[in-house]
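K.L.:
Mind the numbering: the sequence shown is residues 1 to 190 in full-length UniProt numbering, read in order.
One structure coming up, written as structure tokens, with questions to follow.
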Amino acid sequence: MKLSENTKISAKLLALAASMLVFAIFIMPPLYDAFCEITGLNGKTGGRYEAVPAAVDTSRLITVQFLASNNKNMPWKFTPSVLSVKVHPGEIMDTVFLAFNPTDRDMIGQAIPSLVPFKAAEYFHKTECFCFNQQALKAGAREELPLRFVVDPDLPPSVNTITLSYTLFDVTERVSNNPNKSRTSSVREG
């Protein structure tokens, strides 16, 4: 039996749609991450950085601004302890972000960093960051989340201000439903 022309076109369109879905879900995210890592676009910051003693450039002061936001499904209160700091390139700086779980249930959060201007991402190094681990908080608990960073002395002279922002996501269900995924921080009581 011969397929009608409409059936052939429908089958081709369905196959194209399925191919696009597979590409968008499984192929595009790793390509995007690799592209951002190579180019520094999207302000993605790297992982843990091992600080190497470097000369502090006292002739420059860089303003580092901090922003915190929640994904729409995250009910925690999440804020930086300070809105900005001034740092000399090469100087190690410590600060904290504050997290509060106001709910009546234990939860797990994961912070995702972003940095602008994008070209500064390769010069901003975190030696300690709460974003390296998931943060587990008991109901009603508060926690100070540490951040230690250094701005590379090779930061281009045109960059005087860097904005580091974090978006906090609720990953409780994902971690709970995946027994192979281990939490990297313990549940804290308030």
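Just so you know, even glycine gets a beta-carbon here, dropped at the ideal spot from N, CA and C.
As the structure is a prediction and not an experimental result, all values here were calculated from the model.
I'd like to confirm the pairing. Which residues does DSSP put opposite residue 21 in its beta bridges?
P.N.:
In DSSP, residue 21 forms no bridge with anything.
K.L.:
Who pairs with residue 166 in a beta bridge, going by DSSP?
P.N.:
Note: residue 166 sits in a beta bridge opposite 68, 113.
K.L.:
What residues are listed by DSSP as bridge partners for residue 122?
P.N.:
Answer is none; residue 122 lacks a bridge partner.
K.L.:
Pull up the distance between the alpha-carbon of residue 142 and that of residue 158, whole angstroms please.
P.N.:
The alpha-carbon atoms of residue 142 and residue 158 are separated by roughly 39 Å.
K.L.:
Measure the alpha-carbon distance for residue 193 versus residue 124 and round it to whole angstroms.
P.N.:
Residue 193 lies beyond the range of the chain shown here (1 to 190); nothing can be said about it.
K.L.:
Could you spell out the range, first to last residue, of the beta strand (DSSP E) harbouring residue 176?
P.N.:
Not the beta strand (DSSP E): residue 176 falls in the alpha helix (DSSP H), residues 172-176.
K.L.:
Count the other CB atoms within 10 Å of the CB of residue 102; is the residue buried (16 or more) or exposed (fewer)?
P.N.:
Under this definition residue 102 is an exposed residue.
K.L.:
Measuring only the C-alpha atoms, how far is residue 78 from residue 99?
P.N.:
Looking at the two C-alpha atoms, the distance is approximately 5 Å.
K.L.:
Based on DSSP bridge pairs, tell me the residues matched to residue 142.
P.N.:
Paired residue(s): 100.
K.L.:
Apart from the five residues on each side of it in sequence, which residues of its chain come closer than 7 Å, Cβ to Cβ, to residue 129?
P.N.:
Answer for residue 129: 147, listed in chain order.
K.L.:
Starting from the Cα of residue 174, find the closest Cα among 82, 63, 57, 108 and give me that residue.
P.N.:
That would be 108, whose Cα lies nearest to the Cα of residue 174.
K.L.:
What would DSSP say about residue 192, mapped onto helix, strand or coil?
P.N.:
Because the chain spans 1 through 190 in this model, residue 192 falls outside it and cannot be assessed.
K.L.:
Could you have a look at residue 40 and say whether DSSP puts it in helix, strand or coil?
P.N.:
Here the model assigns residue 40 a pLDDT of 48, short of 50, so the residue's position is not dependable, and the following value carries that caveat. Reduced to three states, the DSSP call for residue 40 is coil.
K.L.:
Would you kindly report the start and end of the unbroken beta strand (DSSP E) that includes residue 78?
P.N.:
Taken as a continuous stretch (DSSP letters only), the beta strand (DSSP E) holding residue 78 covers 77-80.
K.L.:
Go to residue 191, then tell me how far its beta strand (DSSP E) extends in each direction, as first and last residue.
P.N.:
Any question about residue 191 goes unanswered here, given that the chain covers just 1 to 190.
K.L.:
Using CA coordinates, which residue listed in 162, 88, 76, 81 is at the minimum distance from residue 138?
P.N.:
Closest option to residue 138, Cα to Cα, is 76.
K.L.:
Note down, in chain order, each residue of its chain lying with its Cβ closer than 6 Å to the Cβ of residue 70, except the 5 sequence neighbours on either side.
P.N.:
For residue 70, where only same-chain residues beyond five positions count, the Cβ hits under 6 Å are 78, 168.
K.L.:
Can you grab the Cα-Cα spacing for the pair residue 210 / residue 116, in whole Å?
P.N.:
Any property of residue 210 remains undetermined from this structure, which presents the chain solely from 1 to 190.
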